[in-house]
Amino acid sequence: MTTVSEDTACMTTMPRIGDPAPAFRAKTTQGDINFPADYAGKWVILFSHPADFTPVCTSEFITFASMQKEFAAYNTELVGLSVDGLYSHIAWLRTIKDKIAFKDMRNVEVTFPLIEDVSMEVAGKYGMIMPGEDSTKAVRAVFVIDPTGTVRTIIYYPLSLGRNFDELLRVVKALQTADQFDVATPADWRPGDRVIVPTAGSCGTAKERMDERVEGVECEDWFFCTRQLPATEVESAIRRHES
Ligand code: BEZ
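To convert, count from 1 in the sequence shown and add 23; that's my numbering.
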């Protein structure tokens, strides 16, 4: 006979960047979802947390929910998950709204879906359980998934470390900017900073880059060339405009 933990261990996989997001159906605090099909055409941040009614997770949910509109402005939806059950999720989210303040945020209503995953089926598909950290709780995993359902970024944090949600918004903006402008974004990039133009793919292009100078492109060397990309241009390409 197979035990539950053997079952879960068998199912544990880990999608990689560039893979299709593993599909699943689940119950959430906002009804049933069919993932990622229900999010076709949108960016999604699928993230796990260890447990309901815990302080770091509570601070994260308040912060994330407070930024939900900002993420939506970049066509990005939030979907949370823990291995707790639906009624626990509902009770916890009600408590957050009624009783908990964090920094200046209070009475925060979490309206994005929170998946119940008591069977650990979804956590197993996304490699969210790391037994060395805890065999019955998901670590703080983040999967950024693009409108075609492809995994574009994966970030993991341990149980004790709350995530930086400004960084997650920066990641979304950087991925969308890379897609829209065919550029890469250097260390600590934020909209308005210079961007990296694609590396010369031939000796001819490398020589041209260094000898002939392309207007607006500055090269430290043939493989490291940047150009300006004003924040207004970035924002008008990636930010949704209210009609
Ligand atoms: C927390 O969210 O506070 C937490 C959860 C699991 C382990 C440690 C901290």
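Ideal placement from N, C-alpha and C gives every residue a C-beta, glycine not left out.
Hey, which unbroken runs of the alpha helix (DSSP H) at 4 residues or more fall wholly within the segment 74–119?
Counting only runs of 4 or more residues that sit fully inside the segment 74–119, the alpha helix (DSSP H) segments are 78–89 and 91–95, in chain order.
Buried or exposed: Thr-118, going by 16 or more other Cβ atoms within 10 Å of its Cβ?
Using a 10 angstroms sphere on the CB of Thr-118, the tally of other CB atoms stays under 16, which defines it as exposed.
Can you give me the C-alpha to C-alpha distance between Gln-53 and Phe-188, rounded to a whole angstrom?
About 22 Å.
Thinking C-beta only, is Val-67 closer than 8 Å to Glu-93?
No, these two residues do not count as a Cβ contact at 8 Å.
Throw me the rounded Cβ distance for the Val-206 and Ile-40 pair, which I believe falls under 8 Å.
18 Å between Cβ atoms; not a contact.
Closest to Pro-154 by C-alpha separation, out of Pro-221, Leu-137 and Pro-181, would be which residue?
Per the Cα distances, Pro-181.
Who are the near neighbours of Thr-255 in its chain, counting only those whose CB is closer than 7 Å to its CB and skipping five residues on each side?
There are no such residues.
If you compare alpha carbons, which of Gly-108, Ser-89, Tyr-149 and Arg-129 is closest to Ser-71?
Of the listed residues, the one whose Cα sits closest to Ser-71 is Tyr-149.
With respect to 7 Å, is the separation between the Cβ of Ala-114 and the closest non-hydrogen atom of the ligand BEZ below this value?
Ala-114: no, Cβ never under 7 Å from the ligand BEZ.
Would you call Glu-132 buried or exposed, if buried means 16 or more other Cβ atoms sit within 10 Å of its Cβ?
Glu-132 is exposed by the Cβ-count criterion.
Quick check on the contact list: which residues have their beta carbon closer than 5 Å to a heavy atom of the ligand BEZ?
This selection yields Pro-73, Thr-77, Pro-78, Val-79, Cys-80 and Leu-182.
Beta carbon of Ile-168, beta carbon of Thr-51: below 8 Å?
No; because the gap between Cβ atoms is not below 8 Å, this pair is not in contact.
Taking just the CA atoms, how far does Lys-120 sit from Pro-170?
In this structure, the straight-line span from the alpha carbon of Pro-170 to that of Lys-120 is close to 31 Å.
Compute every distance between the C-beta of Thr-208 and the non-hydrogen atoms of the ligand MG, then say whether any falls below 7 Å.
The ligand MG is not among the ligands present in this structure, which contains only the ligand BEZ.
Endpoints, alpha helix (DSSP H) assigned at Lys-196
Annotation: the continuous alpha helix (DSSP H) that includes Lys-196 extends over 188–204.
Using the Cα positions of Thr-26 and Cys-242, report the straight-line distance between them to the nearest angstrom.
Residue placement at Thr-26 is flagged as unreliable, the pLDDT there being 43, under the threshold of 50; a coordinate-derived value is accordingly withheld.
Can the beta-carbon of Arg-250 be found closer than 8 Å to that of Arg-217?
Cβ distance < 8 Å, so Arg-250 and Arg-217 count as in contact.
Where do the N-terminal and C-terminal ends of the beta strand (DSSP E) with Ala-164 fall, by residue?
Per DSSP, the continuous beta strand (DSSP E) segment holding Ala-164 begins and ends at 163–168.
Beta-carbon within less than 6 Å of Cys-33's beta-carbon, same chain only, minus the 5 sequence neighbours each way: which residues are those?
Model confidence at Cys-33 stands at a pLDDT of 43, short of 50, so the residue's coordinates are unreliable; what they give is reported in the following sentence. If we look at Cys-33 and ignore the five residues flanking it on each side, it has no Cβ neighbours.
Through-space distance from Met-151 to Asp-42, alpha-carbon basis:
Between Asp-42 and Met-151, the alpha-carbon positions lie close to 16 Å from each other.
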